[in-house]
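The structure appears below as structure tokens.
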Ligand code: GAR
């Protein structure tokens, strides 16, 4: 059984899709064993409670440094024997402590075709730039912002004027692709 931790900062719709996919066997032989959240009370924590997934929530400002709260996270993940860390709307750059201890085992979902439009507002940035082919990227995490080797991408053409419609299209595709890519990664079908 592979054990994954999902990190999220807010809504947590991708956390929920991954958890459901694991429970329903669409990510075979896999269990979501931890939800890590850096904003106590964020909606993702309610989703986790509904699914019976333990939550590690913390406020970064309660710690002296990133290293300190990442040590707490990594210690907890070691105890749970986590195999793979999936960032899903975790709006924080991963630091050395986690990168060293979970090297090559942290992946991220990003709502743009990287390396274009990194950062926290990529859908809006791409829309305002006049982009016609949007998309999503799943990539390994390294010390750079939204950098790291790309694992999978999906292009989403959109020529309309309604950013809410575009966001819906992107989120729908994220909910389908992320669990599928996690499943293939755990089966060593991707690199
Ligand atoms: C997702 O769209 C994800 O791609 C994005 O945050 C959203 C989280 O939604 N991540 C980033 O922008 C990372 N730079 P969710 O909380 O409903 O899963």
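In my numbering, the protein residues as written are 36 to 226. Ideal Cβ positions, reconstructed from N, Cα and C, are used throughout, including at glycine.
Query raised in the report: Is any heavy atom of the ligand FMN found at a distance shorter than 6 Å from the C-beta of residue 187?
Result: You won't find the ligand FMN in this model; what it holds is the ligand GAR.
Query raised in the report: How close, in whole Å, do the beta carbons of residue 108 and residue 91 come, if the pair is a contact with beta carbons under 8 Å?
Result: 6 Å
**Report entry** residue 144 Cβ short of 6 Å to the ligand GAR heavy atom set
**Finding:** yes
Query raised in the report: For residue 133, which residues of its own chain have a beta-carbon under 8 Å away from its beta-carbon, when the five flanking residues on both sides are left out?
Result: Residues 105, 108, 109, 120 and 141 of the same chain have their beta carbon placed closer than 8 Å to that of residue 133, with the five preceding and five following residues left out of the count.
Query raised in the report: With a CB to CB cut of under 6 Å and the five nearest residues on each side skipped, what residues in its chain are close to residue 89?
Result: 69
Requested in this report: Express the C-alpha separation of residue 78 and residue 183 in angstroms, rounding to a whole number.
Outcome: Counting only the Cα atoms, residue 78 lies some 28 Å from residue 183.
Query raised in the report: Which partner residues does residue 189 have in the DSSP bridge list?
Result: 171
Query - Collapsed DSSP secondary structure at residue 135 in the structure displayed - result: helix
Report task. Can you give me the Cβ contacts of residue 94 inside the same chain, cut-off strictly under 7 Å, excluding the 5 residues immediately before and after it? Result -> 75
Requested in this report: Could you have a look at residue 90 and say whether DSSP puts it in helix, strand or coil?
Outcome: Correct three-state label for residue 90: strand.
Query raised in the report: Can you tell me whether DSSP reads residue 220 as helix, strand or coil?
Result: Helix.
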